[in-house]
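Taken in sequence, the protein lines are chains A and B.
Quick note: the first sequence uses this note's numbering, first residue 6, plus one each step.
Quick note: the second sequence uses this note's numbering, first residue 212, plus one each step.
Ideal Cβ placement from N, Cα and C applies to all residues, glycine included.
Since the structure is predicted, the reported quantities are computational estimates derived from the model, not experimental observations.
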Amino acid sequence: MSVKAPFTMQGLDHVVIRCTDLAAMKRFYCDVLGGTIQEEDAEIGLYQVRVGDHIIDLMPVDEPSGRKGGPAPGKDGHNMDHFAIQVEPYDDDAIREYLSGHDVKLGSTIIRGGAEGEGPGIHIKDPEGNTVELKGPPDPAYN
Amino acid sequence: MGNATPPFEMEGLDHLVIRCVDLDAMTHFYCDLLGCTIDRHNKEVDLLQLRAGRQLIDLITVDGVLGRKGGAAPGVEGRNLDHFAIRIDRFDDEALHAYIAENNIEIVEEGPRYGADGTGPSVYLRDPEGNVVELKGPPDPA
C-alpha cells in the first residue's frame, strides 16, 4: 500500500514524559534548564514546559491522562532512550560546572550526529532517570 | 546551590531516540508511511537516524550496542514517553483519513490539540511497537 502521504513533516513539536514527582520535574526543566511553564491543565493532568521552539509536556502518572499509560516507568525498559535539546552557546566546562552546582547527574560528552550535524552533546539525567542530551551546535571539526 | 541561571539557552528539541525491537517494521512505518528519510546509519553503535523535517527520530534496537544499555524491551504499559508529536505542513482531514485507512494504521484519538505554535487539529497514531505518534497540523485561527 502506502502511496504518498498527504503531508510533509516539518519537525518535532513536543514530547510527553510520564512522571511521578511533578514538582521535582518542573524544578529541573524550568529552574535548572531554563524552560518556562506555558500552560497547566490539572483537569487532564498535563503541564507544558516551553523549550525554545518546542514543548516538553509533563504528565504525572497518577493524574487522568497519565493513568491511561499504567504504572510509572521503571529504571530501564524505556520506550524512549533519550531526547536531545539544542542549547546555545555550548561550553562543556561551564555547563558541567553549572549543573554540578544543581546536583544534576552528569554523563559523558559524546560527539554524534544531531539534526544539524555532528557536534558535542552532554548526557544528563532528569530527576526520574530520563536521559536528556544537551546538544551544542554542529562543530566544523566534525563535519 | 549553584548559579541562578544556566550558561546556555534552549533553542528547541533536536532529536528523540526510540528503543525498538523490529527495526524493519519501524523503518517502514516512519519512512514509507510517514515520509521520514534515512539521515545516517551508524552501524558501529546500531543507531538509525531518520530525518523528520528539521529534527531527527532515531531508532535503536534493544539488542543493539546502544539499546542493550537500556535493559529489556519496553512493555505495553509503564512507558517513559507517553507520546511525541510531529508537526505536519497541512492537515487535510479527508485525505489524511483515507491514507491512514488504506495503510491500516491504528488511530488512537483525534481532535484539536494544543501544540508548540498554538491549537490545531491532531491525529494520534500507533507505530508498530505501540508508541503513540501525534501528527499535528498548523494552528487553526478558529
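Measuring CB to CB, does residue i end up less than 7 Å from residue j?
i: G75/A; j: D293/B; result: no
i: G356/B; j: H83/A; result: With chain B covering only 212 through 353, there is no way to say anything about residue 356/B.
i: G50/A; j: G71/A; result: yes
i: F12/A; j: D300/B; result: yes
i: M14/A; j: A263/B; result: yes
i: P94/A; j: G124/A; result: no
i: D18/A; j: A296/B; result: yes
i: Q43/A; j: E222/B; result: no
i: M64/A; j: V21/A; result: yes
i: D257/B; j: I271/B; result: yes
i: Q266/B; j: D250/B; result: no
i: A99/A; j: P332/B; result: no
i: I115/A; j: G122/A; result: no
i: C35/A; j: E133/A; result: no
By the three-class DSSP mapping on this structure, what secondary structure does residue i have?
i: E123/A; result: strand
i: L38/A; result: coil
i: I271/B; result: strand
i: G323/B; result: Inspection of the sequence shows that residue 323/B is occupied by Pro rather than by Gly. Correct three-state label for P323/B: strand.
i: A28/A; result: helix
i: D97/A; result: helix
i: P65/A; result: strand
i: D304/B; result: helix
i: I129/A; result: strand
i: I316/B; result: coil
i: E44/A; result: strand
i: F12/A; result: coil
i: E102/A; result: helix
i: A146/A; result: helix
i: A296/B; result: strand
i: A309/B; result: helix
i: G50/A; result: coil
i: G57/A; result: coil
Does the Cβ of residue i have 16 or more other Cβ atoms within 10 Å, making it buried, or fewer, making it exposed?
i: Y147/A; result: exposed
i: V323/B; result: A small correction: the amino acid at residue 323/B is Pro; Val does not occupy that position in the sequence shown. P323/B comes out exposed.
i: N135/A; result: buried
i: R279/B; result: exposed
i: I60/A; result: buried
i: I318/B; result: exposed
i: P145/A; result: exposed
i: D131/A; result: buried
i: L177/A; result: With chain A covering only 6 through 148, there is no way to say anything about residue 177/A.
i: G106/A; result: exposed
Comparing alpha-carbon positions, which option in the options lies nearest residue i?
i: L139/A; options: D81/A, I22/A, V56/A, L51/A; result: V56/A
i: V54/A; options: V66/A, V37/A, E48/A; result: V37/A
i: L277/B; options: P69/A, V66/A, D81/A, E68/A; result: D81/A
i: G289/B; options: E305/B, V273/B, G341/B, N314/B; result: G341/B
i: N315/B; options: D338/B, P332/B, S333/B; result: D338/B
i: G119/A; options: G106/A, D67/A, A89/A, P132/A; result: A89/A
i: G326/B; options: I311/B, P285/B, D351/B; result: D351/B
i: M30/A; options: P69/A, Y52/A, S105/A; result: Y52/A
i: P69/A; options: A47/A, L111/A, S113/A, I61/A; result: A47/A
i: R117/A; options: D243/B, P285/B, H252/B; result: H252/B
i: R298/B; options: A283/B, T330/B, D243/B, T216/B; result: T330/B
i: G141/A; options: S113/A, D97/A, Y103/A; result: D97/A
For residue i, which residues in chain C fall below 9 Å Cβ to Cβ?
i: T13/A; result: This model lacks chain C altogether; the protein chains it does include are A and B.
Run through the region 215-291 of chain B for me and flag every whole alpha helix (DSSP H) of 4 or more residues, listed as ranges in chain order.
Every alpha helix (DSSP H) of 4 residues or more that sits fully in the region 215-291 of chain B is shown, in chain order, as 234-238.
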